[in-house]
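Visitor: When you line the sequence shown up against this note's numbering, it's residues 26 to 318, in that order.
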Amino acid sequence: MKKVLDGVMIGTGIVAVLAVAIVIAWAGDVFTVDKDGIPKFAVSDAGKITVGATESYVNLVIQNNSGAATNKVDITADVLTVEGIRLESVNVSADITAAGAGGLDAGSEAANTWYYVWAITNNDGTTTNGMLSVSSTSPTMPSGYTKKRRVGAVRNNASSDFPPFVQIGNKVIYGGPASNNIIANGDATSYTNVSAASFIPPTANVGSFLLDVGLSYTSAATVFAYYARNPNTNDGGNLLIVRSQVAGVITSNTYVVDIKTDASRNVAYRRISATAPSAGGMNINVVGYYDRI
Numbered sequence: 026m027k028k029v030l031d032g033v034m035i036g037t038g039i040v041a042v043l044a045v046a047i048v049i050a051w052a053g054d055v056f057t058v059d060k061d062g063i064p065k066f067a068v069s070d071a072g073k074i075t076v077g078a079t080e081s082y083v084n085l086v087i088q089n090n091s092g093a094a095t096n097k098v099d100i101t102a103d104v105l106t107v108e109g110i111r112l113e114s115v116n117v118s119a120d121i122t123a124a125g126a127g128g129l130d131a132g133s134e135a136a137n138t139w140y141y142v143w144a145i146t147n148n149d150g151t152t153t154n155g156m157l158s159v160s161s162t163s164p165t166m167p168s169g170y171t172k173k174r175r176v177g178a179v180r181n182n183a184s185s186d187f188p189p190f191v192q193i194g195n196k197v198i199y200g201g202p203a204s205n206n207i208i209a210n211g212d213a214t215s216y217t218n219v220s221a222a223s224f225i226p227p228t229a230n231v232g233s234f235l236l237d238v239g240l241s242y243t244s245a246a247t248v249f250a251y252y253a254r255n256p257n258t259n260d261g262g263n264l265l266i267v268r269s270q271v272a273g274v275i276t277s278n279t280y281v282v283d284i285k286t287d288a289s290r291n292v293a294y295r296r297i298s299a300t301a302p303s304a305g306g307m308n309i310n311v312v313g314y315y316d317r318i
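#1: Report yes or no: do three or more beta-carbon pairs, one from the segment 146-159 and one from the segment 279-292, lie closer than 8 Å?
#2: So, under 8 Å CB-CB, residue 145 and residue 166 are touching, yes? Tell me the CB distance rounded to an integer number of Å.
#3: Can you tell me the Cα-Cα spacing of residue 314 and residue 201, whole angstroms?
#4: Can you tell me whether DSSP reads residue 245 as helix, strand or coil?
#5: Under 8 Å between the Cβ atoms of residue 284 and residue 234?
#6: Determine the contact status of residue 140 and residue 178, defining contact as a CB-CB distance below 8 Å.
#7: Quick check: residue 161 and residue 95, are their CB atoms within less than 8 Å of each other?
#8: Helix, strand or coil: how does DSSP classify residue 298 here?
#9: Taking buried to mean at least 16 other C-beta atoms within 10 Å of its own C-beta, is residue 310 buried or exposed?
#10: Going by Cα to Cα distance, which pick from 230, 131, 170, 149 is closest to residue 257?
#11: Quick check on residue 91: buried or exposed, where buried means 16 or more other Cβ atoms within 10 Å of its Cβ?
#12: Roughly how many angstroms lie between the CA atoms of residue 304 and residue 297, to the nearest whole one?
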């Protein structure tokens, strides 16, 4: 396991940085810098000098545990840095029915609540675990653990179950988007907000949405148009157009699009065509989101 000597500058000037990069490349590791552009040393237990980014991760995956999918998440990564500690071959879990390291940091399980997924470790990175907390910034740290990094979030739904999901890097994909509907057959004629807060955590502001317009009309060849967008923008947004094919028969148009939400995780939609359908309208489902980890 590799340990970063946080805050130690490699040197000033591009020559020093390039020199270290050559050493790292020769050693077989990837040369990176932290989020402020400051290169930092990392030293392996074997004594090899490497360089790692303070906030980096490689092949980070968070998903439901196969044996306890509704209450436990698994966290894996080839590389994950936690407050200056570079961890390799990370494979830990967090169970909401357990307490402390490997479980819930404090309190008891609550339904309809966002829980934040943390990777925690000790001062030298020799002991690592996962943890869940209602706090996205300051979890209660268990004894022996001093460093933390938030790596994701998971919603405990109305049944006190985690939904099926997988997070790859910072992108979350739900396993059952059909159940993540936030508006069904909507037909508002002015922009109307709909909340995605049950499916997108406060730490994210871009969601992936399945937009579907399914409707029928009394005659064929009538065109209907709907928009979906960020509530804070003045542009038209994402346009869906449906042309009724057969009188009285449902016609639909569907696609998936990323939309930036407002601070409350709302998106806005409306019908812009003058004619109202006989039945149906806009359907919006949340299929995932991008977490700001």
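Think of the CB as a built atom: it goes at the ideal place given N, C-alpha and C, for glycine as much as any other residue.
Guide: Working from what's here:
#1: no
#2: The residue given as residue 145 occupies position 120 in the sequence shown. The residue given as residue 166 occupies position 141 in the sequence shown. Right, the Cβ-Cβ distance comes to about 7 Å (below 8 Å), so this counts as a contact.
#3: For the purposes of this step, residue 314 is identified with residue 289 of the sequence shown, where counting begins at 1. For the purposes of this step, residue 201 is identified with residue 176 of the sequence shown, where counting begins at 1. Their backbone Cα atoms lie some 14 Å apart in a straight line.
#4: Residue 245 sits at position 220 when you count from the first residue of the sequence shown. Residue state, collapsed to three classes: coil.
#5: The residue you call residue 284 lines up with position 259 of the sequence shown. The residue you call residue 234 lines up with position 209 of the sequence shown. Yes, these two residues count as a Cβ contact at 8 Å.
#6: In the sequence shown, the residue the question calls residue 140 occupies position 115. In the sequence shown, the residue the question calls residue 178 occupies position 153. Their beta carbons are under 8 Å apart, which means residue 140 touches residue 178 by this criterion.
#7: Indexing the sequence shown from 1 puts residue 161 at position 136. Indexing the sequence shown from 1 puts residue 95 at position 70. No; because the gap between Cβ atoms is not below 8 Å, this pair is not in contact.
#8: The count along the sequence shown starts at 1 and reaches residue 298 at position 273. In this structure, residue 298 counts as coil in the three-state DSSP scheme.
#9: Walking along the sequence shown from the start, residue 310 turns up at place 285. Buried: at least 16 other Cβ atoms inside 10 Å.
#10: Indexing the sequence shown from 1 puts residue 257 at position 232. For the residues 230, 131, 170, 149, the minimum Cα distance to residue 257 belongs to 230.
#11: By one-based count along the sequence shown, residue 91 stands at place 66. Counting Cβ neighbours within 10 Å, residue 91 comes out exposed, since fewer than 16 surround it.
#12: Sequence index remark: in the sequence shown, residue 304 carries index 279 (1-based). Sequence index remark: in the sequence shown, residue 297 carries index 272 (1-based). Residue 304 and residue 297: Cα-Cα distance of roughly 16 Å.
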